[in-house]
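First to last, the protein sequences are chains S and X.
As numbered in our numbering, residues 1 to 322 make up the first sequence, in order.
As numbered in our numbering, residues 323 to 650 make up the second sequence, in order.
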Amino acid sequence: MLVFIIKKLLNAALVMLAVSFLAFLIFQLAGDPVDMMSTEQSTQADRDALRERLGLNDNFFVQYLRFVANAAQGNFGISYRNGQEVLGLIAERFPATMELVIVATILSLLIGLPLGVLTAIKRGTWYSEALQFGSIIGVSLPSFVVGILLILVFSVTLGLLPAFGRGDVVQLGWWSTGFLTQSGLTALILPSISLSLYQVTLIMRLVRAEMLEVMRSDYVKFARARGIPRHRIYFRHALRNCLMPVVTLTAMNIGTLIAFALITETVFQWPGMGMLFIQAVTFIDIPVMAAYLCIVAFIFVLLNTMVDISYAMIDPRLRNAK
Amino acid sequence: MLDAGQPCLEVRNLVVEFPNRHGTLTALNDVSLTIQPGEILGVVGESGAGKSMTGAAILGLLERPGHIAGGEILLTGRRIDSLGDREMEQVRGREIGAIFQDPLTSLNPLFTVGAQLSETIRQHGQGITRAQTRARAIELLREVGIPGPAERIDHYPHQFSGGMRQRVVIALALAANPRLIIADEPTTALDVSIQAQITGLLRRLCKDHGTAVMLVTHDMGVIAETADRVAVMYAGRVVEVGPVEQVLKTPAHPYTRGLMASIPALGARVEKLHQIDGSMPRLNAIPVGCAFNPRCKSAGPRCYRERPDLVPSSAGEAACWLYEGGVE
């Protein structure tokens with residue numbers, strides 16, 4: 001088990017190294033930062049000094065090593081746009097995105113899992129078929145359309161929920177949370193529904209397909225033949241065997257959600273990392289883009305590693321896998 | 323206890339149908355069987371003859387849209403074919419145990435064998451404590467010949483070999499001391515050397531516990547070694563039934579004769595293996611009269627008109643006009 005974990009961690013480190021290389025390449029390909037940072041009044045001497053200060057006279061490899069070393073310590077340099085520490089900028093926006101993503105993930109599991117089980121075990125009933133049909137809509141509607149529709153119905157027409165922003169937040173150390181105020185919580189409702197709708201339908205369809213598959217398996221038949229009651233077979237024997245792909249999908253999708261939150265954040269003017277990234281793109285703020293890339297990749301890799309390790313906890317056969 | 327002569331299992335004129343788009347397929351047509359307490363009844367036939375289907379129907383585990391369309395199933399005199407799902411859960415495991423073909427897939431890979439045994443024991447025993455359950459589980463594992471049961475109980479199915487897993491499956495089937503075990507091809511997926519061990523174990527355990535067994539297999543060797551009586555099925559019907567030595571030595575039905583002749587004798591070198599010409603009809607194309615008539619060398623005009631029923635024959639009972647007034 002320990003060897004397994006160490007192996008997975010080494011894998012993760014390698015992937016991060018590759019990603020950081022790509023992030024570093026952005027700097028190389030996006031033109032000369034000295035041109036972007038200096039004004040029209042700067043002299044050649046100023047420019048040379050800046051070039052020296054940024055370490056751009058060193059060779060490519062040394063620069064890359066410095067970038068990795070700095071990034072590993074959380075130092076992604078200074079934003080070209082407003083001269084602030086990039087890490088500080090991201091840390092400020094990170095809680096907003098994470099809270100949105102966490103709520104959306106919990107929603108998708110809380111709704112998607114039971115619906116998936118229900119549509120599988122009640123296959124052929126009208127409500128199961130209706131849910132199955134409805135899920136196609138959920139899968140095929142783009143999230144910005146869902147967001148705009150939600151705003152139209154609940155904010156504009158009914159006036160029940162706020163259409164944009166995060167509401168009031170409470171500062172817990174460096175983490176700002178919207179969970180503790182009523183306006184923060186109501187502000188979360190529409191964006192998290194809009195972000196999770198696709199996930200709900202995805203998880204529902206996945207669980208349904210897996211359940212149907214598992215219900216046909218010999219061990220389910222054998223459990224029935226042993227007189228184990230249906231509900232126990234559904235929720236103990238069958239569901240647990242379906243969890244593997246659900247865990248994978250959910251964890252991988254947290255990464256996707258963070259990336260896709262970009263759209264939802266734009267629709268709802270949610271002050272998260274996605275908004276920050278969009279702004280960075282418009283201003284060609286390379287350090288912010290590179291840092292965003294590294295951090296999102298880091299979250300992906302972290303989740304993947306956790307998925308691999310959780311596999312071993314769900315499935316005993318993988319525990320001793322070499 | 324049971325009164326003398328009360329059969330453990332009685333299947334009367336069982337009909338199982340599968341409705342589909344093109345009409346209704348009759349998978350089992352008028353199947354009747356009896357098994358006495360403690361008796362091992364072998365059920366043989368080609369794939370698709372309805373042997374496993376009969377087992378599934380008795381367990382109430384027919385796959386939809388298959389359903390029982392006629393006849394009745396009595397377990398020690400009590401009708402079980404008309405029971406609801408809840409009541410059948412009380413019957414399955416507790417009164418009828420089951421063993422399936424593939425031990426590699428019969429056990430849930432995510433639970434230890436102990437967890438699966440305990441689950442079954444607790445399901446069928448009220449007010450039994452955790453410690454008693456565990457003790458009983460270890461006892462069962464010991465009984466089916468698993469070495470070091472106290473340790474093995476906490477192992478997962480993938481840590482057992484195929485033969486050992488089938489022993490665990492047998493322990494699970496026996497967990498609640500059922501009156502009847504339906505063993506569907508219990509040795510087919512195993513190595514020949516393991517097969518003999520498993521059939522031997524099954525036979526010994528059932529004699530010890532007085533459990534009756536319906537042993538479904540296509541392997542005549544397994545039947546010969548294990549069964550007391552044998553029922554031969556063909557195209558959804560029982561065509562011959564009788565004590566195992568007689569049916570194997572002096573089969574009465576032309577199909578059984580063909581079946582026996584196709585088993586090559588050990589050591590005898592033959593130029594060409596015997597086979598029954600043709601193949602079993604599909605369920606949607608069962609001929610009028612006797613279903614075996616296209617392949618039967620003794621068939622006469624009557625065999626193409628009327629369906630024979632089981633009548634006394636040289637080896638018990640056979641469904642053939644040869645034993646009831648001739649084929650003309």
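We put the beta carbon where it would ideally sit given N, CA and C, even for glycine.
These numbers come from a predicted model, not from an experiment.
Residue closest to residue i, alpha-carbon to alpha-carbon, out of the options
i: Leu502 of chain X; options: X:Arg416, X:Asn351, X:Thr510; result: X:Arg416
i: Val267 of chain S; options: S:Met211, S:Arg232, S:Pro191, S:Asp315; result: S:Pro191
i: Val169 of chain S; options: S:Ala259, S:Pro95, S:Ala261; result: S:Pro95
i: Pro508 of chain X; options: X:Val561, X:Arg591, X:Gln423, X:Glu547; result: X:Gln423
i: Pro630 of chain X; options: X:Ala587, X:Ile598, X:Pro576, X:Lys373; result: X:Pro576
i: Val101 of chain S; options: S:Met204, S:Val207, S:Asp285, S:Gly178; result: S:Gly178
i: Leu14 of chain S; options: S:Ile106, S:Ser310, S:Tyr292, S:Leu302; result: S:Leu302
i: Leu17 of chain S; options: S:Leu2, S:Ser38, S:Tyr64; result: S:Tyr64
i: Ala437 of chain X; options: X:Leu350, X:Ala637, X:Ala497; result: X:Ala497
i: Leu426 of chain X; options: X:Gly647, X:Arg624, X:Ser483, X:Leu527; result: X:Ser483
i: Gly345 of chain X; options: X:Ala549, X:Asp407, X:Met410, X:Leu605; result: X:Leu605
i: Met313 of chain S; options: S:Asp48, S:His237, S:Met244, S:Val145; result: S:Met244
i: Lys8 of chain S; options: S:Tyr311, S:Ile189, S:Leu257, S:Asp315; result: S:Tyr311
i: Gly370 of chain X; options: X:Ala349, X:Tyr626, X:Gly580; result: X:Ala349
i: Met536 of chain X; options: X:Arg408, X:Gly360, X:Val413; result: X:Gly360
i: Ala621 of chain X; options: X:Gly638, X:Ala607, X:Trp643; result: X:Trp643
i: Glu99 of chain S; options: S:Ile189, S:Ser135, S:Asp48, S:Leu50; result: S:Ile189
i: Ser20 of chain S; options: S:Tyr234, S:Ile6, S:Phe61, S:Ser38; result: S:Phe61
i: Ala238 of chain S; options: S:Ala104, S:Ser217, S:Leu276, S:Gly255; result: S:Ser217
i: Leu107 of chain S; options: S:Ile193, S:Glu265, S:Leu249, S:Ile233; result: S:Ile193
i: Thr398 of chain X; options: X:Ala553, X:Gln597, X:Gly327, X:Lys594; result: X:Gly327
i: Ile504 of chain X; options: X:Gly589, X:Gly543, X:Pro341, X:Arg414; result: X:Arg414
i: Leu206 of chain S; options: S:Phe260, S:Met275, S:Leu109, S:Ala45; result: S:Leu109
i: Ile148 of chain S; options: S:Leu249, S:Gln182, S:Phe235, S:Glu265; result: S:Glu265
i: Gln73 of chain S; options: S:Leu152, S:Gly184, S:Gly88; result: S:Gly88
i: Gly184 of chain S; options: S:Ser38, S:Val103, S:Arg166; result: S:Arg166
Which residues DSSP lists as bridging residue i, in chain order
i: Trp643 of chain X; result: In the DSSP output, where bridge partners are listed per residue, Trp643 of chain X has none listed.
i: Asn342 of chain X; result: X:Gly345
i: His477 of chain X; result: Its beta-bridge partners do not exist; DSSP assigns none.
i: Gly364 of chain X; result: X:Leu537, X:Val552
i: Gly638 of chain X; result: X:Ser635
i: Ile318 of chain X; result: Outside the shown range of chain X (323 to 650) lies residue 318 of chain X, about which nothing can therefore be said.
i: Ser483 of chain X; result: DSSP lists no partner for Ser483 of chain X.
i: Gly392 of chain X; result: X:Val337
i: Leu397 of chain X; result: X:Leu331, X:Arg400
i: Gln171 of chain S; result: S:Ser176
i: Ile357 of chain X; result: X:Leu331
i: Leu25 of chain S; result: DSSP lists no partner for Leu25 of chain S.
i: Leu350 of chain X; result: X:Val338
i: Arg414 of chain X; result: X:Ile418
Contact belief for residue i with residue j at Cβ below 8 Å, rounded distance in angstroms
i: Val86 of chain S; j: Pro287 of chain S; result: 5 Å
i: Gly124 of chain S; j: Met204 of chain S; result: The pair is not a contact, with the Cβ atoms about 17 Å apart (cut-off 8 Å).
i: Gly388 of chain X; j: Tyr556 of chain X; result: Actually they do not touch by this definition, with Cβ atoms about 19 Å apart.
i: Pro578 of chain X; j: Gly364 of chain X; result: As written in the sequence, residue 578 of chain X is Thr, which differs from the Pro given in the question. That pair is no contact at about 12 Å.
i: Ile362 of chain X; j: Cys330 of chain X; result: No, Ile362 of chain X and Cys330 of chain X are not in contact; Cβ-Cβ is about 11 Å, not under 8 Å.
i: Arg559 of chain X; j: Asn351 of chain X; result: 5 Å
i: Ser636 of chain X; j: Thr539 of chain X; result: So it is not a contact: roughly 24 Å between Cβ atoms.
i: Glu650 of chain X; j: Pro623 of chain X; result: 6 Å
i: Asp506 of chain X; j: Ser374 of chain X; result: 5 Å
i: Thr105 of chain S; j: Ile258 of chain S; result: Actually they are not in contact, since the Cβ atoms of Thr105 of chain S and Ile258 of chain S sit about 10 Å apart, beyond 8 Å.
i: Arg66 of chain S; j: Met273 of chain S; result: The Cβ separation is near 25 Å, so there is no contact.
i: Ile468 of chain X; j: Met486 of chain X; result: 6 Å
Pairs of beta-carbons, one from the segment 276-293 of chain S and one from the segment 75-91 of chain S, closer than 8 Å: are there three or more? yes
Whole alpha helix (DSSP H) runs in the segment 43-92 of chain S with 4 or more residues, listed along the chain? 44-53, 60-72
For the segment 506-592 of chain X, which segments carrying the alpha helix (DSSP H) assignment without a break, of at least 4 residues, lie completely within its bounds, in sequence order? 514-531, 542-548, 566-571, 576-583
Where are the alpha helix (DSSP H) runs, 4 residues long or more, that stay fully inside the segment 79-167 of chain S, in chain order? 86-121, 126-140, 143-150
Taking 8 Å as the threshold, find out whether the segment 476-485 of chain X comes into contact with the segment 427-440 of chain X through three or more Cβ pairs. yes
Extract the residue ranges of the beta strand (DSSP E) inside the segment 418-467 of chain X, only unbroken runs of 3 or more that lie entirely within it. 418-421
Mind the definition here: the segment 331-344 of chain X touches the segment 288-304 of chain S only if three or more C-beta pairs lie below 8 Å; say whether that holds. no
Pairing CB atoms from the segment 380-389 of chain X with CB atoms from the segment 558-571 of chain X, are three or more of them under 8 Å? no
Please identify, using Cβ separations under 7 Å, the residues of the segment 418-443 of chain X that lie next to chain A, in order along the chain. The question asks about chain A, but that chain is absent: this structure's protein chains are S and X.
At least 3 beta-carbon pairs within less than 8 Å: the segment 188-207 of chain S vs the segment 138-145 of chain S: yes
For the structure I just gave you, are there three or more beta carbon pairs, one from the segment 454-465 of chain X and one from the segment 485-494 of chain X, closer than 8 Å? yes
Between the segment 209-228 of chain S and the segment 125-133 of chain S, do three or more beta carbon pairs fall short of 8 Å? no
Measuring CB atoms only, is the segment 19-38 of chain S touching the segment 49-58 of chain S, in the sense that at least three cross pairs come out at less than 8 Å? yes
Within the segment 175-244 of chain S, ranges of the alpha helix (DSSP H) (whole runs, at least 4 residues): 182-215, 218-225
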